[in-house]
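The opening position of the sequence shown corresponds to residue 0 in numbering that gives the first Met the number 0, with each subsequent residue numbered one higher.
Here the structure comes first, spelled out in structure tokens, and everything after it is commentary.
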Amino acid sequence: MVNMVIYGLGKISKRVCNGCLGAKHMNLYGFVSRDIQKARSYQKEFNAQKAYDSINEVYEDDQVDVLYLCTPNYLHYEQIKEALENKKSVICEKPMVLKDSQLDELFELAKRNKVFLMEAHKTAFNPLLVKVKEMIQEGAIGDIYYIDAEYSHNILNDDPNFEQWVFGQSGGASRDIGVYPACFSNYFAQSDIVSHYIVKSGYKDLPCDFFFQSLLEYESGIKASIKSSWLYDKEHKGTGYIYGTKGYFKIPAYWKGKEAFLIQGDKTTKITVDFYSDFTSEIEHAAKCIESNCFESNIMSLHASKEILKAIGQH
0 MVNMVIYGLG KISKRVCNGC LGAKHMNLYG FVSRDIQKAR SYQKEFNAQK
50 AYDSINEVYE DDQVDVLYLC TPNYLHYEQI KEALENKKSV ICEKPMVLKD
100 SQLDELFELA KRNKVFLMEA HKTAFNPLLV KVKEMIQEGA IGDIYYIDAE
150 YSHNILNDDP NFEQWVFGQS GGASRDIGVY PACFSNYFAQ SDIVSHYIVK
200 SGYKDLPCDF FFQSLLEYES GIKASIKSSW LYDKEHKGTG YIYGTKGYFK
250 IPAYWKGKEA FLIQGDKTTK ITVDFYSDFT SEIEHAAKCI ESNCFESNIM
300 SLHASKEILK AIGQH
């Protein structure tokens, strides 16, 4: 069993907790926060063993195997580096960092210290997408030639605080939600991006993008269009499409959904799966990698993280 501590107790952290509870090889061991009462509240709610008010306490605890970072983007690089130097494995919420050079440095550091490092992209581990990929490999839609995916949500309806980090230079729609269609497209293309054309636009005088679109071409010849926006709402927040020579797949809420539709001419077939949480599969995968003494994932590898950065644009 792998012991995990969650660092960064914001909105997404409880969903990560629930995902961990469904994993067979990962134990939700503890929480770390400068607000020790918040850490203890999480500890009680999720029946964890430990609550820490200092990250150094986590590093000193030999029972801790991996740190799951749910912290702001601009903190990731230094936090990951520090954890790896203290020989703790790291799973980091997307996007891990904003530059290729930082990815190279951190994955090399993980290898040197013999610990595991992975960017958390639940899209790449969704059991529904795994099933769809198997069906494609069996010839369900013939050869893929085009992929179309979107994730959009009107954040202005949420009465946002524009002082938050997500509206700063390290944030933006492309990094917050644009990673979902990027990961989806790369996952099914299974090929390197050879050309891309990216358009981004902002809102008022904020330093981040509110709309993002990328046109991609892969080495295999597959074309893709991916986009995201904080300026309008989309049904299911977005849908993924995979077009082939013999039909296509339509997948609503593809990053966490449990149903897809296979369209072959006039025939539509519904595909469904069930799972505990949309975070469970990625957490279980990471736990098995750590137990196997891997330094990186064979699914969300250094190369996979670089290709996502390529699709959304580097900082």
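In this text, a Cβ means the ideal position worked out from N, Cα and C, and glycines have one as well.
Per-residue DSSP class, three states only, for residue i
| i | result |
| --- | --- |
| Q212 | strand |
| H195 | strand |
| Q263 | strand |
| G138 | coil |
| K37 | helix |
| N153 | coil |
| V272 | coil |
| N17 | helix |
| L27 | strand |
| N185 | helix |
| D232 | coil |
| N297 | coil |
| Q2 | The sequence shown places Asn at residue 2, rather than the Gln named in the question. It is a strand residue. |
| A22 | coil |
| I282 | helix |
C-beta contact flag for residue i and residue j at 9 Å
| i | j | result |
| --- | --- | --- |
| G29 | I5 | yes |
| I197 | I311 | yes |
| A50 | V31 | yes |
| K151 | I135 | Per the sequence presented here, residue 151 reads as Ser, with Lys not at that position. In this structure, I135 does not lie closer than 9 Å to S151 by Cβ. |
| M199 | F187 | According to the sequence as given, residue 199 is Lys; it is not Met. Against a cut-off of 9 Å, the Cβ pair of F187 and K199 comes out as no contact. |
| K80 | E104 | yes |
| A123 | M299 | yes |
Contact set for residue i: own chain, Cβ-Cβ below 7 Å, skip 5 residues either direction
| i | result |
| --- | --- |
| Q101 | Y76 |
Assigned exposure category for residue i - 16 Cβ within 10 Å defines buried
| i | result |
| --- | --- |
| M0 | exposed |
| G239 | buried |
| Y253 | buried |
| Q313 | exposed |
| R33 | exposed |
| T268 | exposed |
| G264 | exposed |
| K93 | buried |
Own chain, CB closer than 6 Å to residue i, minus 5 neighbours either side, in chain order
| i | result |
| --- | --- |
| I225 | A148, P180, A181, S184, S213 |
| Q62 | N2 |
| F209 | A172, G201, Y202, W229, L230 |
Cross-strand partners of residue i (DSSP beta bridge)
| i | result |
| --- | --- |
| C91 | L68, E118 |
| K257 | DSSP lists no partner for K257. |
| P180 | Bridge partners of P180: none, in fact. |
| P251 | T238 |
| G243 | I143, G246 |
Short CB-CB distance (under 9 Å) between residue i and chain D
| i | result |
| --- | --- |
| N156 | Of the protein chains in the structure, only one exists, and it is not chain D. |
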